[in-house]
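Under the numbering used here, the residue at position 250 of the sequence shown is numbered 264, and the numbers go up by one with no gaps. Cβ coordinates follow ideal geometry from the N, Cα and C atoms, glycine included. A short worksheet on the structure shown next.
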Amino acid sequence: MGTYIVRRLLGMIPMMFAITVATFLLMHAAPGNAIDAVINPKIKDIAELQQRLKAAQGLTQPLWWQYFHWLGLFVTGNWGFSFAQHAPVISLIGPALRNTLLLSVMAEVLILLIGVPVGIYQSRHPYGQFDYLSSVVMFVIYSVPYYIMALFLIYLLSIDLHLFPSQGATGTGPLGGTFIDHIYHAILPAISIALGSSTVYSRFTRGSLLEVSRKDFTRTAYAKGLSEGTVFRRHVFRNGMIPIVTQFGFDIGGLVSGAVILEGLFSYQGMGYLSLQAALSRDYPV
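Given below as structure tokens:
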């Protein structure tokens, strides 16, 4: 087992190297650069100033030199200095990563709290009114693009009902900056992420539990005289939830990456928002 883990970890090195090279080249292939984005165009002798700043940041060196210079600093823990935000990169990533992880965890909890109970009830009462009605509702929610759903929730829950803030990861009130305040600001983005995925989990849960309920060992349990509730708890639910848990483990990474666009919509200061701002301002170190 230990050998397998080591082999898998070593196999990640070429993949991570390829990802960093591709990201580095894409950033440099875009028009403009970080110096042009942050310097005041009204300054006299701007061309000379631009060249001095580019030389100071190593932007006049060949691309291969810039990449390996950055890689060496990254490996040694020196992640550079943000051109646009005038702060060490590592000081920006810490709070942003914390916010993204909080948002992802809240979205994952909501997915399970919404999708799994609905799927369980559907499997206990298949082909009934609730099954058909909830299936239609879930299909409609799944069909709506997540960014459209996010805009709708912003209008309904923030602008109209004033229940949740629509921007930022923290506020300025008496609870501003506290853990409760961070949770409060993450609720609306988390709902936007969770709604679409919860529809998938409701159908997945329904199908898995119905499949297990038709197995031979389930019919044997009924033949022994066990009640329907006992059979469901001891046999159907336990076995039917195994693929749900497995699938959820695979989807965790997708939830984190899926929060990138929504962080931009909500101006939520997570990793996605930080990456978006860095890309727009050509902030290469970030």
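Bounds of the alpha helix (DSSP H) holding Leu124 are 103-138. With a threshold of 16 other beta carbon atoms within 10 Å, Glu242 falls short and is exposed.
Counting of Cβ neighbours within 10 angstroms places Asp174 among the exposed residues, the total staying below 16. The three-state reading of DSSP puts Phe193 in helix, counting H, G and I together. The Cβ atoms of Asp297 and Ala43 lie no closer than 8 Å to each other.
In the same chain as Ser227, and ignoring 5 residues on each side of it, the C-beta atoms closer than 6 Å to its own belong to Val250, in chain order. For Val150, the enclosing alpha helix (DSSP H) covers residues 143-157. Unbroken beta strand (DSSP E) stretches of 3 residues or longer found wholly inside the segment 162-240: none. The alpha-carbon of Met255 is positioned some 20 Å away from that of Leu209.
When the beta-carbon positions are compared, Ala183 and Gln291 stay at least 8 Å from each other. In the DSSP annotation of this structure, His249 is not part of any alpha helix (DSSP H), being labelled neither H nor E.
Pairwise C-beta distances place the segment 158-167 out of contact with the segment 218-226, as fewer than three of them are shorter than 8 Å. Out of Tyr156, Leu67, Thr192, Met26, the CA that lies nearest to the CA of Ser212 is found in Tyr156. Linking Tyr198 to Leu171 through their CA atoms gives a straight-line distance of about 13 Å. A distance below 7 Å between beta-carbons, with the five flanking residues on each side excluded, links Leu77 to the following residues of its chain, in chain order: His42. For Leu177 and Glu277, the gap between their C-alpha atoms comes out near 19 Å. Remark: C-beta atoms of Val245 and Ala237 do not approach each other more closely than 8 Å.
With contacts defined as CB atoms closer than 8 Å, Leu167 and Leu202 qualify as a contacting pair. Pairing Trp79 with Val300, the inter-Cα distance amounts to about 18 Å.
Exclusion of the five residues before and after Leu288 leaves Leu106, Ile107, Ala110, Val300 as the residues of its chain whose Cβ lies within less than 8 Å of its Cβ.
Beta-bridge partners of Phe264 (DSSP): none assigned. In this structure, His83 lies near Gly72, with their beta-carbon atoms less than 8 Å apart. With 16 or more other CB atoms across the displayed protein chains lying within 10 angstroms of its CB, Val103 is buried. The C-alpha of Leu126 lies about 12 Å from the C-alpha of Arg217.
Collapsing the DSSP output to three states places Phe95 in a strand. For Phe82, the three-state secondary structure derived from DSSP is helix.
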